[in-house]
Each structure stands twice: as structure tokens, then as C-alpha cells.
């Protein structure tokens, strides 16, 4: 089945710093790719997604580009805020056609004022 | 607004007791999922359902059961709670669509923190 690997955290940054969280995947075909965010004490929520190669997903200042050449979907933000402190999960379907996602282990982001 | 709710939000129980965690969604989604989240393990799938009367085992289904009698609800039952089942449990739902309408986005509930003493 498909799988995803994301960088381990925690990632600790100062406010207004640039953020990159790496995500690489192994997949058959070209499945949709997702980033979910989990704020403290809450469930996961979709942050952004891309459905085909070269697509860029974006939301709340975050961006990720579907790179089939490097099988990557890295999450970036130009200027992080304290309110971005959360755990970020990269995900894709477990296999072609499956409605079950496989998630990365999650990367904790801590932003200091 | 559509939502997915879980109850209780916190539960403390004793080893050997039966526990049921509720999940209710108003998205009218056919797909529903139960996960547990533990440090060092990430999210692990317990059970899932693609519609009424349909249930399937996930990777960590031992000791858990589900039933789907309507579209909105997928209760998770721990038949005989064990300390190893202390965890945070999340319910999620998604649409059962295909082709160009397919989205695959999962909508998560707020979670239930279960402690088994």
C-alpha cells in the first residue's frame, strides 16, 4: 500500500520565521495528497490538499506543491505565528481507490513569540 | 452547520468493564472511521464502515467492536477494557463518492480521552 514519511519534530521557531515540514510519499499512481492540522485538545482538520501532480494546495498562508518527480509534498509558510503551534500530519489514501487514509506520524510545531 | 460530535469527552473506567464511545455526524457521510492516537504510534485505524450494516476491521481491532444501524452514528465498544486501551479516540467521516466528485477529505470529531485503571 501507499505510505508517507514526514520529518520528526518538534520544530521550534520564533514568530515570523519561515517554516518547512518535509513529507515524502510512496504510492501507486497519483493519489490526492493532504495536510491535516491538529490544534491542542482538538481533532484533526484539513489544512490543504492537492489532487494531481504540480498542483499547489494553499490555506491560511500555508502552501504545499505536489511534486511527482521527488515524490514530495512539503508544507511551507513564509511567516509563522504563535497560533500556528500545532501538530501537522501528511496523508494520502492507503491504496488506489481506498477511502482509508494513511497518515504520517505527525510533526509538532512550536512557535515562540 | 454540519458537524461530528463525540461523547463523552473524557472517561475513566476500570479494567474489565464494557465501555461505549459515541460518535454522531450530521454530514450525511456514508464513510465513518474510528482511530486511536498514542504517543509514538500516531493515528491507528480501529474499525471503519462504508454504510449502514457495513463494518470492517482496521489494523488494531482486537478488543473493539462497532455497529452501524443508521447513517449518523458509529458507536465504538470496548468489550472488556484493558489498560493498554488507555488512549485518545477519534471518530471521523468522509463522503462515499467517486470520479470527479471524490474528495477523500476526512472530518474529525474532537476526541474522547479514555483512561482505563
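Protein chains in written order, with this note's numbering: chain A, 12 to 124; chain B, 2 to 118. Don't be surprised by glycine CBs; every beta carbon is placed ideally from N, CA and C.
- Contact annotation: the segment 24-36 of chain A touches the segment 108-124 of chain A, with at least three C-beta pairs closer than 8 Å.
- Residue 55/B is bridged by DSSP to 52/B.
- A direct Cα-to-Cα measurement between residue 114/B and residue 85/A gives close to 31 Å.
- Against residue 118/B, chain A offers no close residue; the least beta-carbon distance is about 22 Å (beta-carbon pairs closer than 8 Å).
- Closer than 8 Å at the C-beta level to chain B, one finds these residues of the segment 103-120 of chain A: 104, 110, 111, 112, 114, 115, 116 and 117.
- Contact of residue 57/A with chain B is assigned, a C-beta pair being separated by under 8 Å.
- Our two residues, residue 107/A and residue 97/B, have alpha carbons roughly 15 Å apart in a direct line.
- Taking 9 Å as the cut-off between beta carbons, the residues of the segment 30-61 of chain A near chain B are 42, 43, 45, 47, 49, 52, 53, 54, 55, 56, 57 and 60, in sequence order.
- Shown here, residue 74/B sits in a strand according to DSSP, grouped into three states.
- Boundaries of the beta strand (DSSP E) around residue 87/A: 86-88.
- Against chain A, the CB of residue 56/B has no partner CB under 8 Å away; the residue lies outside that interface.
- At a cut-off of 8 Å between C-beta atoms, residue 32/B counts as an interface residue with respect to chain A.
- As DSSP reads the structure, residue 92/A sits in no beta bridge.
- Contact between the segment 84-94 of chain B and the segment 4-17 of chain B is established, with three or more Cβ pairs separated by less than 8 Å.
- For residue 74/A, the uninterrupted beta strand (DSSP E) run begins and ends at 73-76, by DSSP.
- Contact between residue 48/A and residue 99/A holds, since their C-beta atoms are separated by about 6 Å, short of 8 Å.
- Residue 92/A and residue 84/B have their alpha carbons spaced roughly 38 Å apart.
- Here the alpha carbons of residue 81/A and residue 79/B stand approximately 42 Å from one another.
- In the pairwise beta carbon analysis, the segment 14-22 of chain B is classified as not touching the segment 36-43 of chain A: fewer than three pairs are separated by under 8 Å.
- Buried is the label assigned to residue 69/B, since at least 16 other Cβ atoms lie within 10 Å of its Cβ.
- Cβ proximity to chain A below 7 Å picks out 32, 43, 44, 46 and 49 from the segment 17-50 of chain B.
- Listed in chain order, the non-local C-beta contacts of residue 112/A below 8 Å within the same chain comprise 45, 102, 103, 104 and 105, local neighbours out to five positions each way being set aside.
- The alpha-carbon of residue 11/B is positioned some 11 Å away from that of residue 117/B.
- Residues of chain A whose Cβ lies closer than 7 Å to the Cβ of residue 112/B are, in chain order, 54.
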